[in-house]
Structure formats: C-alpha cells, structure tokens
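Add 13 to the 1-based position in the sequence shown for the numbering used here, that's all there is to it. Just so it is clear, CB atoms sit at the ideal spot from N, CA and C, and this is done for glycine as well. Notes follow the structure.
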Amino acid sequence: MSARLVLLGPPGAGKGTQALRLAERIGIPAISTGDIFRANIKDGTDLGRQVQEFTSAGALVPDELTDALVRDRLLHDDARDGFLLDGYPRNAAQVAALDAAMAQAGTQLDAAIELTADTDVVVERLLNRAAIEGRADDTEPVIRHRLEVYRAQTAPIANLYAERGLLVRVDGIGEIDEVTERMLTALAEQIG
Ligand code: ADP
Numbered sequence: 014m015s016a017r018l019v020l021l022g023p024p025g026a027g028k029g030t031q032a033l034r035l036a037e038r039i040g041i042p043a044i045s046t047g048d049i050f051r052a053n054i055k056d057g058t059d060l061g062r063q064v065q066e067f068t069s070a071g072a073l074v075p076d077e078l079t080d081a082l083v084r085d086r087l088l089h090d091d092a093r094d095g096f097l098l099d100g101y102p103r104n105a106a107q108v109a110a111l112d113a114a115m116a117q118a119g120t121q122l123d124a125a126i127e128l129t130a131d132t133d134v135v136v137e138r139l140l141n142r143a144a145i146e147g148r149a150d151d152t153e154p155v156i157r158h159r160l161e162v163y164r165a166q167t168a169p170i171a172n173l174y175a176e177r178g179l180l181v182r183v184d185g186i187g188e189i190d191e192v193t194e195r196m197l198t199a200l201a202e203q204i205g
C-alpha cells in the first residue's frame with residue numbers, strides 16, 4: 014500500500030512514535046516537522062537559529078518557514094509515491110499551503126488520521142517525557158501553551174478534512190502495538 018497521509022493529534026498523543034511505526038508498515042517516509050526543527054537547532058543551522066525562539070516557547074514557527082520546508086521535503090525522491098506528515102499541517106493556512114503544493118505536483122491526500130487523547134493524559138505523558146528526554150519545550154507552562162495552540166489552531170483543521178471525507182479518527186490511548194493496529198485497520202477501511 015502507498016498513501017499520502019497527514020497525522021493530526023495533540024502534543025503527547027504519541028504521534029511521533031506512531032508515525033514511525035505506521036510509515037514503516039506502509040513503506041513510506043515519516044516526515045516530522047518537529048524533528049526537522051529540533052535537528053536544525055541541534056546542528057546550529059540558519060533554520061535552527063530562526064525557529065528556536067518559537068519552538069522553545071511552544072509557539073508555531075511562522076508559516077513561511079514551515080511551508081517552504083515541507084514543500085522542499087516532499088520533492089525528495091523517497092516521498093514521490095507516498096508520505097506520512099507528522100505535525101503538519103497545524104493551522105488552516107498550512108492546510109491551504111499543502112493543498113497548493115500537492116496540486117502543483119498533481120497529487121492529493123488519501124487520508125488525515127487524527128490520534129485522539131484526553132488533555133489530562135497528554136499533560137502527564139509530556140511531563141514524564143520531560144524527565145526522560147529533557148526536551149526543551151516539555152516544561153509545564155510551555156506544554157500548556159502548546160496544548161492551547163493545538164486547541165485553537167490545529168484541532169479545527171480536523172473538521173476541514175472531515176468535510177472532504179478524508180478524516181480517520183483513532184483512539185490514541187492504549188498499548189503502542191494496539192494503537193498502531195487500530196490505525197492500520199481504520200486506514201484500510203478508509204482507503205482500501
Ligand atoms: P508536539 O506535537 O509534541 O508539540 P512537535 O515535535 O510536533 O511536538 O513540535 C514541536 C514544536 O515545533 C512546536 O511546538 C512548534 O514550535 C514547532 N512546529 C512543529 N511543526 C510545526 C508546524 N507545522 N508549524 C509551525 N510550527 C511547528
């Protein structure tokens with residue numbers, strides 16, 4: 014199976030973990046904007062310097078930077094026949110930018126998977142992760158802000174995809190394997 018997919022869901026819903034697993038099972042690259050930004054910050058690139066103030070505050074990186082990054086990444090050979098975007102799009106303008114990039118390439122999305130999890134669970138997971146991974150944006154005030162940005166800007170885009178008949182909702186609570194299987198089953202029902 015090949016597919017062009019986006020993965021939505023609140024911070025802490027397990028998107029990163031599930032994106033890698035799902036992409037591997039389908040045989041497509043998982044493309045995480047958050048991972049790309051963190052790698053650039055770590056390597057001290059120009060892009061890293063430009064985005065750090067936003068990621069460390071839990072704010073969205075400006076659309077121009079993010080849209081250009083994704084547009085370029087989708088032109089790589091490995092993404093020609095399919096991809097799973099993790100953490101993009103995150104607001105309505107990014108949905109439009111992705112539509113435009115895909116229209117230009119003569120392709121379209123097959124599904125938008127929303128991984129759902131309740132706020133109390135995600136805050137706890139993120140605080141635990143902070144202790145383990147030491148991610149700079151996993152402090153409580155920044156976590157709260159990321160969740161607020163999600164609620165205000167990202168959660169509504171699930172409706173845009175639902176209106177197009179592309180939305181697949183999957184419960185993100187449960188064992189890691191179980192959630193991956195749930196996603197594969199729901200996806201197979203959606204795209205065959
Ligand atoms: P999480 O979903 O746990 O908040 P991510 O790794 O997806 O973590 O994102 C970390 C940070 O990277 C975000 O808080 C934001 O600053 C930035 N970022 C990632 N994706 C985007 C995007 N599509 N648009 C703008 N900023 C983004």
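Cβ-Cβ distances below 7 Å link Ala106 to Asp76 in the same chain, with the five nearest sequence neighbours on each side left out; the list follows chain order. Taking the Cα of Leu140 as reference, the smallest distance to any Cα among Leu128, Glu127, Ile156 is reached at Ile156. In the DSSP assignment, Arg17 falls within the beta strand (DSSP E) that extends over 17-21. Beta-bridge partners of Thr129 (DSSP): Asp184. Non-local beta-carbon contacts of Ile49 in its own chain, meaning distances under 7 Å to residues more than five positions away in sequence, involve Leu82 in chain order. Here Gly100 is not near Arg17, since their CB atoms are 8 Å or more apart. Within the segment 59-121, complete alpha helix (DSSP H) segments of at least 4 residues are found at 59-70, 76-87, 105-118, given in chain order. In the three-state reduction of the DSSP assignment, Ala168 falls in the coil class.
Under the DSSP assignment, Ala52 falls in the alpha helix (DSSP H) whose first and last residues are 46-56. In this structure, Gly40 keeps its C-beta atom at 8 Å or more from the C-beta atom of Asn53.
Not one heavy atom of ligand 1 sits closer than 7 Å to the Cβ of Thr198. Beyond the five residues adjoining it in sequence on each side, Val74 comes within less than 7 Å, by CB distance, of Phe50, Val64, Phe67, Thr68 in the same chain, given in chain order. When C-beta atoms of the segment 113-122 are compared with those of the segment 143-150, fewer than three pairs fall below 8 Å, so the two segments do not count as touching. Rounded to whole angstroms, Ile126 and Gly57 show a C-alpha spacing of 32 Å. Between Gln203 and Ala124, the gap from beta carbon to beta carbon is short of 8 Å.
With contacts defined as CB atoms closer than 8 Å, Thr167 and Arg84 fail to qualify as a contacting pair.
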